[in-house]
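J.: For the sequence shown, full-length UniProt numbering begins at 1 and goes up steadily by one. Idealized CB from N, CA, C, for every residue including glycine. Owing to the predicted nature of the structure, the values given are computational and were not obtained by experimental measurement. I am attaching a structure below and will ask some questions about it afterwards.
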Amino acid sequence: MSDIPDLPAEDADIVDEIMSAHGYDSLKKTQQLAFEDGILAPGNHLLVAETGNGKTLCAEAVTKKQLDQGGRVAYLVPSRQLVRDKRESMQEWGSDEYRIYSGPSAYQSGDVIVATFDSFYRAILQDKGSARNLDLVVLDDFHEIYGGFRGPGIEKAIAAAMYEGIEIFSMSATLGNPQELADWMDADLTVSPEGREIEIKEEVVGVGPQEKKDALTNFIRSEQDKAPFLVFNYAKSWTESRAEEVAKTRIFADASDRNFMEEMERKSQGELTSTLEDLARMMDGGVAFHHSDLPQNVKEWIVDLYEEGEIKCLFATTTIAYGFDAPVQSVIVADIKRGPDFVGVYEYVQWIGRAARPGYGYDEGYAFTLTDDPEETIERYFEPHRELEPVTTHIENDERFRWLLLELVTTGWDTPHEIEAFVKEMLYWQQMKQIGAWGREHSSKDERLNSRLRETADWLLDLDFITEKDTARQFQPTPLGEGTIEFAFNSFSNATLAGIRNFYDWLEDLGTGNLTRLNLVYQTTILADRKIDRNCSDELEGLLQEHELPVDEYGITAGILRWYWIKNLDTREIEQRTGVDGAYISSDARKVADTLDATKYLIDASPEVHRPEWLDIMTFRVERGVRRDEVPLVENIRGLGRHRVRKLREYLARPDIAGVDEMPDGSLWEQLTAFYDGLDNPDFFVDTLSGNVSGVGKRTADRIEEFVSDGSVDDEYLETDDEGVSSTNDSSGSSGDYTRGTSLDDF
Numbered sequence: 001m002s003d004i005p006d007l008p009a010e011d012a013d014i015v016d017e018i019m020s021a022h023g024y025d026s027l028k029k030t031q032q033l034a035f036e037d038g039i040l041a042p043g044n045h046l047l048v049a050e051t052g053n054g055k056t057l058c059a060e061a062v063t064k065k066q067l068d069q070g071g072r073v074a075y076l077v078p079s080r081q082l083v084r085d086k087r088e089s090m091q092e093w094g095s096d097e098y099r100i101y102s103g104p105s106a107y108q109s110g111d112v113i114v115a116t117f118d119s120f121y122r123a124i125l126q127d128k129g130s131a132r133n134l135d136l137v138v139l140d141d142f143h144e145i146y147g148g149f150r151g152p153g154i155e156k157a158i159a160a161a162m163y164e165g166i167e168i169f170s171m172s173a174t175l176g177n178p179q180e181l182a183d184w185m186d187a188d189l190t191v192s193p194e195g196r197e198i199e200i201k202e203e204v205v206g207v208g209p210q211e212k213k214d215a216l217t218n219f220i221r222s223e224q225d226k227a228p229f230l231v232f233n234y235a236k237s238w239t240e241s242r243a244e245e246v247a248k249t250r251i252f253a254d255a256s257d258r259n260f261m262e263e264m265e266r267k268s269q270g271e272l273t274s275t276l277e278d279l280a281r282m283m284d285g286g287v288a289f290h291h292s293d294l295p296q297n298v299k300e301w302i303v304d305l306y307e308e309g310e311i312k313c314l315f316a317t318t319t320i321a322y323g324f325d326a327p328v329q330s331v332i333v334a335d336i337k338r339g340p341d342f343v344g345v346y347e348y349v350q351w352i353g354r355a356a357r358p359g360y361g362y363d364e365g366y367a368f369t370l371t372d373d374p375e376e377t378i379e380r381y382f383e384p385h386r387e388l389e390p391v392t393t394h395i396e397n398d399e400r401f402r403w404l405l406l407e408l409v410t411t412g413w414d415t416p417h418e419i420e421a422f423v424k425e426m427l428y429w430q431q432m433k434q435i436g437a438w439g440r441e442h443s444s445k446d447e448r449l450n451s452r453l454r455e456t457a458d459w460l461l462d463l464d465f466i467t468e469k470d471t472a473r474q475f476q477p478t479p480l481g482e483g484t485i486e487f488a489f490n491s492f493s494n495a496t497l498a499g500i501r502n503f504y505d506w507l508e509d510l511g512t513g514n515l516t517r518l519n520l521v522y523q524t525t526i527l528a529d530r531k532i533d534r535n536c537s538d539e540l541e542g543l544l545q546e547h548e549l550p551v552d553e554y555g556i557t558a559g560i561l562r563w564y565w566i567k568n569l570d571t572r573e574i575e576q577r578t579g580v581d582g583a584y585i586s587s588d589a590r591k592v593a594d595t596l597d598a599t600k601y602l603i604d605a606s607p608e609v610h611r612p613e614w615l616d617i618m619t620f621r622v623e624r625g626v627r628r629d630e631v632p633l634v635e636n637i638r639g640l641g642r643h644r645v646r647k648l649r650e651y652l653a654r655p656d657i658a659g660v661d662e663m664p665d666g667s668l669w670e671q672l673t674a675f676y677d678g679l680d681n682p683d684f685f686v687d688t689l690s691g692n693v694s695g696v697g698k699r700t701a702d703r704i705e706e707f708v709s710d711g712s713v714d715d716e717y718l719e720t721d722d723e724g725v726s727s728t729n730d731s732s733g734s735s736g737d738y739t740r741g742t743s744l745d746d747f
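And the structure:
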């Protein structure tokens, strides 16, 4: 099958086995060239080839050879959504013989660990599961090293592998300086001359005097036969408004006959906001939008619908620019500029690369770019003119350099020699220039690195992240430094070191007695940089002023989460009462909850503050949007989210509830157990709930019955609190008023 001259028989067998597992009967030119170039021989290798030319098969062959020799492999991808795909691909040929794992315990027990670049870097620093003794690291699609989001982690992961002497096989579709990167990684370089398997035809679309969304709508109408379209947009608001404009044309209305409004209500679990209603109406027209602030299950559903052909035009931010493999025939770049500046050529190449990917039956793909300057756009971006920018280091940035030094010191690289040795494995060292502007010669690279490390260490010393021993050339982390790295490694927060220091100072000034749920949530929104909106209703503004919070994006976010979201008010009611779009509250809540949970490491670092007993419960409530007495049910009963538990509470509050003469006042648990005991019949209990509580079917009712009959809850969940406002469904207040909490320390 492989038929590669001079390939050793055992290597040919490896290639044939993988080809057979995937159903391939011949090699592509890129694959042939890579094997002829010796990628199965010992040493580091870099393979650069166009999308669809078979790089993954090459990587799997290199992986299998290492496994057959008794080695362990880390197979690294840029994002978590790609982890499962790569694991399943390798399991097609290796599941019977090898442990191909992903997840937290993979480094302890896996022969192949499929993971992200960031997790590998952290595993090396902390030596999880003997990560430092791995034999091979595969870098899949590591061209994301270009970007500022994942790029720093990828550069550090590669440096970590080289520091530990782990063999590297790397592959990428788009690189502007492959030889320099190969030199950095001490790798043999293979650049495939094979063109893209399916050609992409590139065209400019002049905008002229029209508004962008009008030009876009008119163009899509004129080229509708080139659907499905994927439209990349700079801003989330533009993504939504442009999708709405195209949906109004109804040109793709025959894409599906599904009831998207009904399905959206199920997907949103009863939290159908005005924005999600608008999205469902667009979907009826064969159009949708996709960006990071949509609920996760809605985003996944939209992608599935697009892949199934139920959506013909998808508007998106760059959240799906990488790793999105779907039946796109045409990509439209709606915004080739960010403000006054053109986007990177590497970004453009990635975007249009989503078109006409192999396996979807297209003979040709299309890339259309809206522009006010057609000539410059063609010259800058289109083949054969375009020139990819070189990949450059991300550690030149002061903030990232400080994080790197603190990460190293905190995880054991605590001497200047060890730190310098690690930094010299970075692309930063490779690209440090000897000659400056107008030929001025700099001091030596070693002197400049030493000077910068000293300057960075002094900054960390001044802010009390590290200390320096008086008797030895050695650094050590302070409790704040250790807490900061634990915070970073256990959250997805992009908090800066200065921001963390400010949060820590706030804790120190506050002291334990004054740490409340409200002020901690507020400070966490600042740390997480979560901002819902600038404007709000008089009701919310009044609450903010009463509790001395600023009426700004952070205050509004904290107020909504603290007084409305965890009260488990219906999201539509939150919209009406706060004046804020409710569609993205759940995504903001998850991000704030993630950061809130990680603040425990900063709180533990402070000698002035003790971790409050309520922190874990509060974190859960912010993430899930439920009241305190609802926590044990939502936490323990699968399928019982904020909408269903709210409907359960509303049913138990009815005056005519069957089987109970008088429902006791008190917590949800007390009312539910009273209802269960009053019926004295488990089957009737299940039938009553499934027949009367919206969203609760037989399976969920069975789980509720099982929990109530066998379980118990702690006393803290038997307490009720008012959370600052009253719902329209509560007997304690009306829809237009707010009430203060029953306990001052609740705030």
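Is the beta carbon of Arg638 sitting closer than 9 Å to the one on Leu668?
T.: Residue 638 sits at position 638 when you count from the first residue of the sequence shown. Residue 668 sits at position 668 when you count from the first residue of the sequence shown. Their beta carbons are not under 9 Å apart, which means Arg638 does not touch Leu668 by this criterion.
J.: Going by C-alpha to C-alpha distance, which of Phe229, Glu244, Ala658, Asp325 sits closest to Lys213?
T.: Taking the sequence shown and counting its residues from 1, the one referred to as residue 213 is at position 213. Closest option to Lys213, Cα to Cα, is Glu244.
J.: Between the C-alpha atoms of Leu134 and Pro209, what's the straight-line distance to the nearest angstrom?
T.: In the sequence shown, counting from the first residue as 1, residue 134 sits at position 134. In the sequence shown, counting from the first residue as 1, residue 209 sits at position 209. Straight-line Cα distance between these residues: approximately 59 Å.
J.: Going by DSSP in three states, Arg338 sits in which element: helix, strand or coil?
T.: As a first step, residue 338 must be located in the sequence shown, where it is residue number 338. Arg338 falls in the strand class under three-state DSSP.
J.: Given Lys28, which residues of its chain have a CB within under 6 Å of its CB, disregarding the five upstream and five downstream residues?
T.: In the sequence shown, residue 28 corresponds to position 28, counting from 1. Here the set comprises Asn53, Gly54.
J.: Output the boundary residues of the beta strand (DSSP E) element that contains Ala187.
T.: For this step, residue 187 is matched to residue 187 along the sequence shown. Where Ala187 is concerned, the enclosing beta strand (DSSP E) stretches over 187–191.
J.: Would you mind reading off the limits of the beta strand (DSSP E) that contains Val207?
T.: For the purposes of this step, residue 207 is identified with residue 207 of the sequence shown, where counting begins at 1. Note, Val207: premise wrong, no beta strand (DSSP E); not H, not E.
J.: CB Met171 to CB Val138, shorter than 9 Å?
T.: Against the sequence shown, residue 171 aligns to sequence position 171. Against the sequence shown, residue 138 aligns to sequence position 138. In contact: Met171 and Val138 (Cβ atoms closer than 9 Å).
J.: Determine whether the beta carbon atoms of Glu508 and Ser606 lie at a separation below 9 Å.
T.: Here residue 508 refers to the residue found at position 508 of the sequence shown. Here residue 606 refers to the residue found at position 606 of the sequence shown. Going by C-beta atoms, Glu508 is nearer than 9 Å to Ser606.
J.: Output the boundary residues of the alpha helix (DSSP H) element that contains Pro682.
T.: By one-based count along the sequence shown, residue 682 stands at place 682. 682–692 is the span of the alpha helix (DSSP H), which, as asked, contains Pro682.
J.: Return helix, strand or coil for Gln431, following the three-state DSSP convention.
T.: Taking the first residue of the sequence shown as 1, we reach residue 431 at position 431. Three-state result, Gln431: coil.
J.: Any heavy atom of the ligand NAP closer than 8 Å to the Cβ of Ala367?
T.: Only the bare structure without any ligand can be found here, which leaves the ligand NAP out of the picture.
J.: Taking the alpha carbon of Phe117 as the point to measure from, which residue in Glu199, Ala74, Thr369, Thr410 has its own alpha carbon closest?
T.: By 1-based counting over the sequence shown, the position of residue 117 is 117. Answer by Cα proximity: Ala74.
J.: Would you mind reading off the limits of the beta strand (DSSP E) that contains Cys536?
T.: Locating residue 536 in the sequence shown gives position 536, where the first residue counts as 1. Cys536 -> no beta strand (DSSP E), and no H or E assigned at all.
J.: Measuring alpha carbon to alpha carbon, tell me which residue in Lys424, Asp464, Lys433, Gly711 is nearest Leu453.
T.: Residue mapping note: residue 453 aligns to position 453 of the sequence shown, counting from 1. For the residues Lys424, Asp464, Lys433, Gly711, the minimum Cα distance to Leu453 belongs to Lys424.
J.: Keeping to the same chain, check which residues put their C-beta closer than 7 Å to that of residue 772; ignore five residues upstream and five downstream.
T.: Because residue 772 is not part of the residues shown, which for the chain are 1 to 747, the question remains open.
J.: Which of helix, strand or coil does DSSP assign to Thr317?
T.: Mapped onto the sequence shown, residue 317 falls at position 317. Correct three-state label for Thr317: coil.
J.: Would you call the CB atoms of Lys86 and Val48 closer than 9 Å?
T.: Residue 86 sits at position 86 when you count from the first residue of the sequence shown. Residue 48 sits at position 48 when you count from the first residue of the sequence shown. Their beta carbons are not under 9 Å apart, which means Lys86 does not touch Val48 by this criterion.
J.: Take the Cβ of His45 as the centre, count every other Cβ of all protein chains shown within 10 Å, and call the residue buried at 16 or more, exposed below.
T.: Taking the sequence shown and counting its residues from 1, the one referred to as residue 45 is at position 45. Per the 10 Å Cβ criterion, buried.
J.: Can Leu672 and Leu652 be called in contact, C-beta distance under 9 Å?
T.: As a working note, residue 672 is residue 672 in the sequence shown. As a working note, residue 652 is residue 652 in the sequence shown. Going by C-beta atoms, Leu672 is nearer than 9 Å to Leu652.
J.: Report yes if the C-beta distance between Phe487 and Val409 is below 9 Å; otherwise report no.
T.: Locating residue 487 in the sequence shown gives position 487, counting from the first residue. Locating residue 409 in the sequence shown gives position 409, counting from the first residue. Cβ distance not < 9 Å, so Phe487 and Val409 don't count as in contact.
J.: Hey, how far is the Cα of Thr619 from the Cα of Ile395?
T.: To locate residue 619, count along the sequence shown from 1; it is residue 619. To locate residue 395, count along the sequence shown from 1; it is residue 395. Between Thr619 and Ile395, the C-alpha separation is close to 33 Å.
J.: Run the CB neighbour count on Ser26, radius 10 Å, all protein chains shown included, and call it buried at 16 or more, exposed below.
T.: Translated into the one-based positions of the sequence shown, residue 26 becomes position 26. Classification for Ser26: exposed.
J.: For the alpha helix (DSSP H) that contains Val343, what are its first and last residues?
T.: Here residue 343 refers to the residue found at position 343 of the sequence shown. Taken as a continuous stretch (DSSP letters only), Val343 belongs to no alpha helix (DSSP H), as it is neither H nor E.
J.: Could you check which residue in Ile220, Asn494, Arg122, Asn297 has the C-alpha nearest to that of Thr595?
T.: Position 595 of the sequence shown, counting from 1, holds the residue named residue 595. Among Ile220, Asn494, Arg122, Asn297, the Cα nearest to that of Thr595 belongs to Asn494.
J.: Count the CB pairs spanning the stretch 283–300 and the stretch 186–197 that are closer than 8 Å, and state whether there are at least three.
T.: With the cut-off at 8 Å, the stretch 283–300 and the stretch 186–197 do not touch.
J.: Is the Cβ-Cβ distance between Gly641 and Arg624 less than 9 Å?
T.: Here residue 641 refers to the residue found at position 641 of the sequence shown. Here residue 624 refers to the residue found at position 624 of the sequence shown. Yes, these two residues count as a Cβ contact at 9 Å.
J.: Which residues does DSSP pair with Ile100 in a beta bridge?
T.: On the sequence shown, position 100 is the one that residue 100 refers to. Ile100 is bridged to Val112.
J.: Put Ile332 into one of helix, strand or coil per three-state DSSP.
T.: What you label residue 332 is simply residue 332 of the sequence shown in a count that begins at 1. Residue state, collapsed to three classes: strand.
J.: Can you find the residues in the same chain that come closer than 7 Å, C-beta to C-beta, to Leu460, ignoring five residues on each side of it along the sequence?
T.: Indexing the sequence shown from 1 puts residue 460 at position 460. Arg402, Leu405, Leu406, Ile466.
J.: Identify the continuous beta strand (DSSP E) that holds Gly94 and give its terminal residues.
T.: Here residue 94 corresponds to residue number 94 of the sequence shown, with the count starting at 1. Segment 80–94 is the alpha helix (DSSP H) holding Gly94; no beta strand (DSSP E) there.
J.: Which one of Arg338, Pro340, Arg357, Ala334 has the shortest CA to CA distance from Tyr322?
T.: Sequence index remark: in the sequence shown, residue 322 carries index 322 (1-based). If we check each option's Cα against that of Tyr322, Arg357 comes out closest.
J.: Report yes or no: do the stretch 227–245 and the stretch 259–267 share at least 3 C-beta pairs separated by less than 8 Å?
T.: Because the criterion of three Cβ pairs below 8 Å is not met, the stretch 227–245 and the stretch 259–267 do not touch.
J.: For Ser268, count neighbouring C-beta atoms within 10 Å of its own C-beta (all shown protein chains included) and say buried if the count is 16 or more, exposed if not.
T.: Position 268 of the sequence shown, counted from the start, is the residue given in the question as residue 268. When all chains shown are included, Ser268 counts as buried.
J.: Less than 9 Å between the C-beta atoms of Leu125 and Thr369, yes or no?
T.: Position 125 of the sequence shown, counted from the start, is the residue given in the question as residue 125. Position 369 of the sequence shown, counted from the start, is the residue given in the question as residue 369. The answer is no: Cβ separation not under 9 Å.
J.: For the alpha helix (DSSP H) containing His290, name the first residue and the last one.
T.: Stepping through the sequence shown from its first residue, residue 290 is reached at position 290. That residue, His290, is in no alpha helix (DSSP H); its beta strand (DSSP E) goes 287–290.
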